[in-house]
Amino acid sequence: MRRWRLVGPGCCPAACLKAGRVAGPADVSEDRILRESETMSNSARIFRMLFVGAALLVAPVASADDSSAPKRPNILFAIADDASFPHMSAYGCKWVQTPAFDRVARQGILFTRAYTPNAKCAPSRSSILTGRNSWQLEAAANHWCDFPAKYTVYPEVLSRHGYRVGMTGKGWGPGFAVDANGRRRQMTGQPFQQLKMKPPATAMSGIDYAGNFTRFLDQASTDEPWAFWYGGYEPHRAYEFGAGIKKGKKSISDIDEVPGFWPDTEKVRTDMLDYAYEIEYFDLHLQRMLKELESRDMLSNTMIVVTADNGMPFPRVKGQEYEMSNHLPLAIMWPDGIVKPGRTCDRLVSFIDFAPTFFDAVGLDWGETEMATSPGRSLLPLLRGETEAIAPESEYILLGKERHDIGRPHDWGYPIRGIVRGNFMYLRNFEPDRWPAGNPETGYLNCDGSPTKTVLIQGRTTASSREFWQAAFGKRQSEELFNVKEDPYCLNNLAAHPMYLQAKQQLSEKLALELTRQKDPRISGEGDIFDTYPYAGTQHRGFYERYMSGENLNAGWVNASDFEKTPLDDAGKE
């Protein structure tokens, strides 16, 4: 019996792509293979039946490679772009309606404690694809990077082992990924981007995700397994302001609670509803995909994984490492593989567990994959109901970040490492003198422009609202400790509280131990190497120095009003 185990050896680009400006599709054949049935006389049929029956009497037991072996599952991986836990209706969220996600949860397993190791698009997706934490991936620890050719990714492995692999929408990125010969890698499979449609809101992607999935299935052989990556560009910004109310028929009163680190205003609530409307569009295409699988009688043997890459694109969430930044929705459905569907799983799960799970499900040992060692663990025992595979009290997940977006001197990042264990999240901020969301005078570039961001920046000089600016953009202590069960918004830092000193020390020691085992340069005193990897977006490389010298630069993903007129002191004053 396989156990839950560690796996050993053996313009903002997204916003532009979301609006439908995608790279040209790969050339694919539209021809389909037609099979004609063989005609035989009755006597021939009788002879064949007798012959086969005799053969069966003397045939040996089927080996694992025989056609009688269990079919390898198909894999549909659906990932939204910037959606926090618990913003799916299966979790009880009333202002987001996600019937497709809810169905996957209802007919599979709903996970309540799934985390990405790094709450930003490219490094989060790098962890999914490699099964490694971002600090184990050299340059790929950073956003907008040159992905190292030495790291193989799971879709490449599946392709080499008989799987047809495709994708639509947003795959890995932003950044550049080429092999050792300089050829562009298809990190998430062959692109299917051809089909377009008019979305319900102007800022949504024009890609017909579900239509492209159907085209992929049309071209796949009926006797070969497949893996497909559905990467929605929603709910990544930009949004059509007010679309959630005008087109989604929502009301600001639908929202039961505004996070405590934002002011509760009509503009903020409207922004949240626009975000909800975009999640629902992602879910709509997932719903079409499920129906397509049903119509082809493929649903039973398809593992469907639905999640998001990082938290919502709002201040203090996306690009940070707090509870709402890294804690993400997750549901997995697989009728042929999940025991007792309809369960809720409260075990800690990390995105580095996905690749080991996929290989476990298809019967590949990690040593066969030629991938770098993974600290992740297969979730297959949990899917099978083997909850005794690991003791809950020994569970933990690690998280951290290096450089996300630019905007600090020398393109420096904001290095963090952290651990979640039990009800506690412990964070170590290695460079607390730096601005966590980027320098104010260069627009807080590690926070997407938004109505909510504008409200917070405008409130910086007002005593009654300065606390919201501070929570999102102000400098932080070197250590942070939160009880995420009681304080999911991470507002009450317990790191200096005498009652929690022992808990902090234990978490700090456990974090250091695990990072040492994973050979993290940051913990060994060599963390500056992450700042030496070039920012791959050359048009913005060296942004701080160029902007401060007077060069006219357009960051694309922030508003012109996000740039403070002068540098601020540590208290946020001019």
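The numbering used here puts the first residue of the sequence shown at 97, with every later residue one more than the last. C-beta: ideal position from N, C-alpha, C; glycine also.
- Look at residue 601 here: in three-state DSSP terms it is helix.
- Secondary structure in the segment 482-555: the beta strand (DSSP E) runs of 3 residues or longer, each lying completely within the stretch, are 493-497, 512-517 and 520-525 in chain order.
- In this structure, the straight-line span from the alpha carbon of residue 452 to that of residue 470 is close to 8 Å.
- In this chain, the alpha helix (DSSP H) harbouring residue 376 covers 362-391.
- DSSP, reduced to helix, strand and coil, places residue 635 outside both helices and strands of the structure shown, so it counts as coil.
- Between residue 406 and residue 217, the C-beta spacing is below 9 Å.
- Closest in C-alpha terms to residue 503, from the list 654, 431, 572 and 524, comes 654.
- When C-alpha distances from residue 309 are compared across 601, 531, 492 and 387, the shortest belongs to 387.
- Its chain contains 248 as the residues whose beta carbon lies nearer than 7 Å to that of residue 466, once the 5 sequence neighbours on both sides are disregarded; these appear in chain order.
- Following the DSSP letters along the chain, one finds residue 250 inside the alpha helix (DSSP H) bounded by residues 250-256.
- Here residue 512 is buried, its C-beta having at least 16 other C-beta atoms within 10 Å.
- Within the DSSP secondary-structure output, residue 264 pairs in a beta bridge with 326.
- Beta-bridge pairing by DSSP links residue 423 to 211.
- In the structure shown, residue 402 adopts extended strand secondary structure according to DSSP, grouped into three states.
- The beta carbons of residue 301 and residue 267 sit about 13 Å from each other, so the pair does not count as a contact at 8 Å.
- Between residue 565 and residue 668, the C-beta spacing is below 9 Å.
- Sixteen is the threshold: when 16 or more other Cβ atoms of the shown chains lie within 10 Å of the Cβ of residue 498, as they do, the residue is buried.
- Below 8 Å, too few C-beta pairs join the segment 183-195 and the segment 471-478 to call them touching: fewer than three.
- Excluding its 5 nearest sequence neighbours in each direction, residue 400 has C-beta neighbours in its own chain below 6 Å: 172, 200 and 429, listed in chain order.
- Distance from the CA of residue 528 to the CA of residue 496, rounded to the nearest whole angstrom, comes to 14 Å.
- Cβ-Cβ distances below 7 Å link residue 185 to 192, 193, 194 and 198 in the same chain, with the five nearest sequence neighbours on each side left out; the list follows chain order.
- Counting along the chain, residue 272 sits inside the beta strand (DSSP E) bounded by residues 271-273.
- One Cα belongs to residue 304, the other to residue 335, and the distance between them is close to 18 Å.
- Following the DSSP letters along the chain, one finds residue 242 inside the beta strand (DSSP E) bounded by residues 241-243.
- Excluding residues up to 5 positions away in sequence, 346, 369, 370, 372 and 373 lie with their Cβ nearer than 6 Å to the Cβ of residue 340 in the same chain.
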